[in-house]
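Using this note's numbering, count along the sequence shown one by one with no gaps and you end on 261.
Reviewing the structure listed below.
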Amino acid sequence: LDIWERIDDFAGKHRRHCYLLACEPQRYSFAALPVSDFLVLKSLSPAQVSAYLKSLREQAARTLLSALDKSRLFDLASLPWLLMQMLEQTRSGLAPRSRNSVLKRLVDERLGKILPAKGMQARAADTLYALAWECQNTRQKILPIEHALSVMQTPRGNREYDLEDLLLEFIDKH
């Protein structure tokens, strides 16, 4: 528990980075969960992004690099997981044209993975937009869970799914 609290504290102080914790699958007991790896995914500089894409020696990487130069999206590409998403999109013929196009594709792809059960998928986009609008209006990056659930209530309407189930879908598909 002490190590988890320390990791949580560290991650809270350095929110810009992504974190991945790994342990041996047979030891998933919370009683003794030894951490075998702690990987900090730091943001990449434009030079590092460029060097990485050039090292791939494939057409999609060259196309992505050119698109990043034209659209000035190195800030998005600086996040390793998003760079990989952009590279996969470019490989499938969808090189980034703008910040909106990259983020819209990412959101649409993730929303498409939400379970269609009980109307969740049909209302997922409206719910996500409602949450984003609330964050924008209140100038908050993070909404308290109680507030987020109340915002999610309106787009749901009288659908049969639980808000908690949709919230878990959002978390799982992020």
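Glycine residues also receive a C-beta, built at the ideal position from the N, C-alpha and C atoms.
Span separating the alpha-carbon of residue i from that of residue j
i      : j      : result
MET171 : LEU140 : 10 Å
MET207 : SER142 : 42 Å
ARG226 : ARG210 : 24 Å
ARG144 : LEU169 : 20 Å
LEU310 : SER137 : Residue 310 lies beyond the residue range present for the chain, which begins at 88 and ends at 261; the question has no answer from this structure.
Whether residue i touches residue j by CB criterion (8 Å)
i      : j      : result
VAL194 : LEU215 : yes
LEU218 : GLU256 : no
PRO183 : SER158 : yes
Cβ-based burial, residue i [other Cβ within 10 Å; buried from 16]
i      : result
THR241 : exposed
LEU190 : exposed
PHE117 : Confidence is the limiting factor: at PHE117 the pLDDT is only 49, short of 50, which leaves the residue's position unreliable, though a coordinate-based value still follows. Burial call: exposed.
ARG93  : exposed
GLN176 : buried
Three-state secondary structure (DSSP) of residue i
i      : result
GLY180 : coil
ARG102 : coil
LYS157 : helix
ARG186 : helix
SER132 : coil
Closer than 7 Å: residue i CB and nearest the ligand PLP heavy atom
i      : result
LEU155 : Ligands in the displayed structure: none, and consequently the ligand PLP is not present.
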